[in-house]
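Take a look at the structure below.
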Amino acid sequence: MHTSETPRLYARDPLLHSLLPRLTGLAYAERARVPWEHDKDLPLVLLTGRHGMGRTAVLRALERHYAGRLPLALVDTAACALVVELLEELVCSLAPGLGRRFPLLLPGLISVFASHGDTADGRGRATTRIARLLIACHLESGTEANVAQRWAGRLRTRLDDASRAGAGAGAGGAASRPGAHAVTQAALAEYFERYTRSRAAAPLRQWYQERYAESESATTGAAADGQDGVVRLADWFRRGGDYRHAAEQTLVHAFLEDIAASRSKWQRLNRDPRPLTLLDNTHSPAGARLVDLILEYRARPGTTHHDPLVVVATRLGDAPPEATEAVHRELPDLVTSTRWRRTGHAPSAGLLVVPLTPLSRDDILLMLDAASAPLHPYLASALHTLTGGHPLASAVLCDAVLDHTRATASRGAAPRPPEGPLGPRNLLELTTPDGPSVTQAILERLLPSPQQRSRLVPLSLARDSTAAQALAAHLRLEGPEQLPANAAADYLEAEHWQHDTPQDRPLAADPLLHTLLVHEARRTSHGADSRRGWQEIHGFLRRHHTTRGEDSEADALRHTLAAGDAKTVVAALSEEFQSEQDRQSALRWLNCLSYAATAPAPPSADWDDERAAMAAGAHDDRYHDIDEIDRCINRLLHGLWYLSDALAEPEADLCDDIGAELAFLSLRHQTWRAVLSQAARTWPAAVRDKRPLPLPEL
Amino acid sequence: MFLSRRNGFGPLDKAIAVLVPLVLIAVGVVVYLATRPEDCAGGLAKRDGQCVGVTDSAFDANDDIKGLIRAVADENTRVEKAWESPKKGQTRIPYGRIALMMPFTSDDSSAMTAPMIRRALAGAHAAQLRANSGGGPHYQLLMAPDGKDLDKWQPVVDDLEDLTDDRESPLVGVMGLPSSTPETRDAMRALSDRRIATVGPVITSADMNAPYFFKTSPNNDLLADALGQYLKKNRGAGKGFLVFDSRPDDVYSRNLQKLIEKKFGAKYGLRKRSASFLGSTGPDAGIPQRFQSAAQKICVTDSDTVFFAGRDQDLPALVKRLSQEPSCDRSRPVRILKVGIGLDPTLTTPELTQMLRDTKTTMVAAASVTSEWWRNKSTAPDGLGGFLSVFDKLKKPHGLGEKSLDDGYAIMYHDAFMLLANAFDRSYSEANEPTGGSTRTPDPARTPTKDDVYNTLIDASIVDTGDSTRCIGCLQGAAGTYGFEKSSDTDDTDQWPVCKPVPVIEYPAVQGRKAQDTFRTFEKTFKHPCPDDVTRGDS
């Protein structure tokens, strides 16, 4: 079923090929039935993950493969504000496939929609919605506008009749504009008279009646024909608050009971595929509410009959914190069995939380497989190290790589940046097929708010919150909030990038996000003279850390290096190397060295990246004025700086050189021999594996 | 259910997918088992519960003919062995095949009764033994049962046609076809269409005609002429009455009734003096043999000359009825005139004979054979002696009984076989006559085909020498010496026997009364009388 047109999903097979077929009873990619894992009670599958983890992609893949093969609804819950609107969408999607006219839910929805029809505008919207429902349920045929018009006409006639009757009875002239109540009753009367036989209508009226106490029917007055229950449902809905919640609960129950009743015994015994509902973005209020109501319905104590609806919901971030009894499963767990069983009475016991995991290096290798020209052998690894397997970033980058190789292969096309052969180091300089840079494209998806994004780009260069705050003040970032840096951190938390923002860490804790933001800052740097230029910002930050005191020396050096001034850093390190004697200071020196080396590389516009060559000693002739220890430190610093880059390939020579330089230094110092030689042994392996450099233990 | 099968097949779907073909197969098997032709012994096929086909070996039939069938099968085997693997020192003797197509089973309403079948088979077997005891080719007697009601002739005819292709031991011809029914007529035509010479030994309906269909018995027309000759000499009171079988599809009875009405209707006023009954032969159509009204009418009208247009099986019931009829005047004699092959033993039982005597009733039958021939050998045709010598040997082992010759079936079936065997013999000798200077017969011997047999049969055998009529190559049968005339436009004998003696029998015989003259078929068409077939010492 996979075609080149449809995007392929990587590393989601346990979900697509194992879990969902076992729930729906229908194989994902072939025309075969699959034994059900759960006979009656079904878990609600909640897929969690940060932005770009492919939650929506999974739902779309499911829709692509299951549409037309079973009753299916895909609803973006973030697009609807109310649960009733979600129910309307679900009915419209499921009704054609189910062959059931939602006899229980339909009067409820109609009464709720009609209760907003006390204004002409509201009535127009209500009739449109009612028309949509009736067409979906095959109760009416024609275009939505026509049916809505017919309904509006019929309602008007009924209301006119009612008001005449009311006037005749001496109710007075106040009835010139029909109240919500009257519209609801007219709509219900119209529905029941036109679309249900009285015998069939009786049990469903009874159903509503049982849920709403009869006592109040006296106060609501004229509800005729036993419609009180349904009318009062609309009443409660209009009242809002807890009343509305109760009304929504009733409607969701009606929805699920309709679904349950729609399956005949034959379909059950024949294991006909179950209906599938895909709810996207259920972190939205309406979505979360709907999920909660479904879970509550399924958790009713003493439930004997179960609804057959398979629900797959997605949620940004993690499972809701209050879902304490939810069952968590990793993707690989799903291959054979979920081993899910309802264990408690809490609604969340019906929840099966599946966090979407990053892609593996092999997946990325597969994604790059379609390249028309041979790629750099380290490219996949570099891409994986950069993105950490983040699906969206990986996909955008891989597409850009493939696009670049295609463009390079067809010489007629205009060359795209970067020029020259594509290597790991210029991955981030790629552009998407549509034009914008990859980092921009990815960031737009990961951080949807443009304002916060533009704020986070420069602030990401700051080492911690304090520095970020200072930088924000320096850059005169403005906004509605008092503290722009805090607001940016709050935004990251709201977008579920992090639970909290530690004070001593950069704002964006996620390595990928941080790398992207830093690169975006580098890419958008406006030259040396601008206040928002790379040099200027790093200069400011260096000054900021220098003023903060002794502990910030490493940070100052790091920003110095980031600004491209390696000489100063080497000088500072050399001075310390030659002046300090105790072992404690040896550790501090190593820490300083390794931390400074994590500095981001300056923009390529005003700086040539010769770090690898420098580390290999290729340019030692430029430094004949300094002694051999300084030259060694210079090589060591450039080597570490180069290798700290996520995209840099840890070439064996360079890694070994790190050890050799450290070993050389250890022999040149009077007291640091032990510490430095230990580092000389452990660091090459660490840089090779891209691990943080371990500081020798005392 | 409403979705397309893009969602695969569930357990119930699969169950149906498995069950429906299974049920269909089961139904098919049941239907096949119920309708398939069942196997019968001897390579016959079962149709509607009856074994039909063509066989040269033993098969299931009436119990009283099992011995005869066995004997025929043994003889067939012997004949085949004499050709395929002759004993040392003996030459290979070629053989032809003559099929006996008739029912071999019977019930109350079947075309042939069990004794008829037995006697017919005995006659044919006697002829086979006679033919095989002499020189020339030998014969297998193939038994071809075509159902007790003669209605399963189609597969039999198909099987027979296949046999004609055999070059070594071809099918010479078919004999049997006992009764003049529509089925027999269809079978006769089918065989004729396939150019297979067929002999009907006991067929008497004048309209049973087809180019390849030969009859050894005279037809009703000729028999009625014999009755006419008798009536001229024995006029009686001249009050006639016609009793006829009313079955519309019985060719024999219809033909006979028509002839009697034509020949005697005007003279005896039969149009107004007649009664009908339902014959016992044929499908169920009501209560058969209801003669009460006929008997009453006969007695009330004082008829003395009763023409009976029906089958012999039904005649005893009429006699019984007449004897019980109170309105009858027992003082005046009554004659019941009938035609037939002979007198069925059921008509000459002591009980019936006594009834006839008591009511002064005489049966007058124009027939193919008469018991007079073997009671008084001097009156017997020349060919009878040879037949009797073989047949008498069969009587005891096969329990054929005292009056086994009376109904004429044995004699007529014998003659039918002999007719075909003679024709084949002659064709064979002609085909293998030494030609040119050579005195040897050609080797391998040329086998005549069924067409040769037919041409021999149809060759005119009655020759007018100018001062007498001579019979060349006539069949010297047990029922007289007779031949066949080549069909011509003016004088068409339609393969009915020419110069066949037709004796008229009176029963019970009156002591001292002289035997009636013997009528010869088609004698009037010759200037001179037919050649004598009785070598009487006193003539």
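Chains A and B, in that order, give the protein sequences. Each residue of the first sequence is one higher than the one before, starting from 2 at the first, in this note's numbering. Each residue of the second sequence is one higher than the one before, starting from 33 at the first, in this note's numbering. The beta-carbon is built from N, C-alpha and C at its ideal position, and this holds for glycine as well.
Cross-strand partners of residue i (DSSP beta bridge)
| i | result |
| --- | --- |
| threonine 230 (chain B) | B:Val206, B:Phe245 |
| arginine 552 (chain B) | B:Pro533 |
| arginine 316 (chain A) | A:Thr49 |
| phenylalanine 276 (chain B) | B:Ser308, B:Ala341 |
| methionine 133 (chain B) | B:Ala176, B:Gly208 |
| glutamine 508 (chain B) | B:Thr513 |
| alanine 68 (chain A) | A:Leu71 |
| threonine 87 (chain B) | B:Met175 |
| histidine 306 (chain A) | Histidine 306 (chain A) is not bridged to any residue. |
Cβ shell of residue i (< 7 Å), same chain only, five flanking positions each side left out
| i | result |
| --- | --- |
| leucine 517 (chain A) | Thr440, Ile443, Leu444 |
| valine 530 (chain B) | Ile494, Tyr514, Gly515, Phe516, Glu517, Thr553, Phe554 |
| serine 461 (chain A) | Pro507, Leu508, Ala509, His515, Leu518, Val519, Ala522 |
| aspartate 657 (chain A) | Pro685 |
| arginine 478 (chain B) | Ala463, Asn464 |
| leucine 558 (chain A) | Val570, Ala573, Cys593, Ala597 |
Pair within 8 Å by beta-carbon distance, residue i and residue j
| i | j | result |
| --- | --- | --- |
| valine 371 (chain B) | lysine 392 (chain B) | no |
| phenylalanine 558 (chain B) | threonine 501 (chain B) | yes |
| leucine 173 (chain B) | isoleucine 130 (chain B) | yes |
| alanine 541 (chain B) | aspartate 447 (chain B) | no |
| valine 292 (chain A) | leucine 310 (chain A) | no |
| methionine 148 (chain B) | valine 104 (chain B) | no |
| serine 138 (chain B) | asparagine 108 (chain B) | no |
| valine 86 (chain B) | valine 188 (chain B) | yes |
| leucine 47 (chain A) | alanine 287 (chain A) | no |
| alanine 486 (chain A) | glutamine 504 (chain A) | no |
| glycine 374 (chain B) | valine 401 (chain B) | yes |
| glycine 155 (chain B) | alanine 397 (chain B) | no |
| leucine 91 (chain A) | leucine 110 (chain A) | no |
| proline 601 (chain A) | alanine 661 (chain A) | no |
| alanine 489 (chain A) | leucine 457 (chain A) | yes |
| methionine 240 (chain B) | methionine 220 (chain B) | yes |
| tryptophan 115 (chain B) | serine 249 (chain B) | no |
| valine 234 (chain B) | phenylalanine 246 (chain B) | no |
| leucine 43 (chain A) | leucine 63 (chain A) | no |
| isoleucine 365 (chain A) | leucine 393 (chain A) | no |
Sequence-distant residues of the same chain with beta carbon closer than 6 Å to residue i, five excluded per side
| i | result |
| --- | --- |
| aspartate 277 (chain B) | Ser285, Gly311, Gly342 |
| tryptophan 684 (chain A) | Ile659, Leu694 |
| alanine 587 (chain A) | Trp673, Val676 |
| leucine 106 (chain A) | Ala255, Phe256, Asp259 |
| alanine 127 (chain A) | Phe114, Ala115, His117, Gly118 |
| leucine 388 (chain B) | Pro540 |
Cβ shell of residue i (< 8 Å), same chain only, five flanking positions each side left out
| i | result |
| --- | --- |
| glutamine 328 (chain B) | Glu357, Ser359 |
| asparagine 252 (chain B) | Thr236, Ser237, Ala238, Tyr284, Asn287, Leu288, Leu291, Val371 |
| leucine 10 (chain A) | Leu17, Gly55, Ala58, Val59, Ala62 |
Cutoff 8 Å: residue i Cβ touching any chain E Cβ
| i | result |
| --- | --- |
| leucine 75 (chain A) | Reference to chain E is not applicable here, since the protein chains of this structure are A and B. |
*Is the segment 52-68 of chain A in contact with the segment 324-331 of chain A, if contact means three or more CB pairs nearer than 8 Å?*
no
*asked:* For the structure I just gave you, are there three or more beta carbon pairs, one from the segment 490-503 of chain A and one from the segment 577-585 of chain A, closer than 8 Å?
replied: no
_Start-end ranges of the alpha helix (DSSP H) lying completely within the segment 343-376 of chain B, minimum 4 residues_ = 347-356
_Across the segment 70-90 of chain A and the segment 45-53 of chain A, are there enough close Cβ pairs to call them in contact, namely three or more that are closer than 8 Å?_
no
*asked:* Three Cβ pairs or more, each shorter than 8 Å: is that satisfied between the segment 109-126 of chain B and the segment 62-80 of chain B?
replied: no
*asked:* At 4 residues or longer, what runs of the alpha helix (DSSP H) sit wholly inside the segment 323-369 of chain A?
replied: 362-368
*Please list the segments of the alpha helix (DSSP H) lying wholly inside the segment 112-143 of chain A, counting only runs of 4 or more residues, in order along the chain.*
121-137
*Every unbroken alpha helix (DSSP H) within the segment 43-116 of chain B, with a cutoff of 4 residues, ordered by chain*: 43-67, 98-116
*asked:* I'd like the ranges of any alpha helix (DSSP H) spanning at least 4 consecutive residues and lying wholly in the segment 214-291 of chain A.
replied: 218-221, 229-240, 242-263, 266-270
*Looking at C-beta atoms only, is the number of pairs between the segment 622-635 of chain A and the segment 605-614 of chain A that lie closer than 8 Å three or more?*
no
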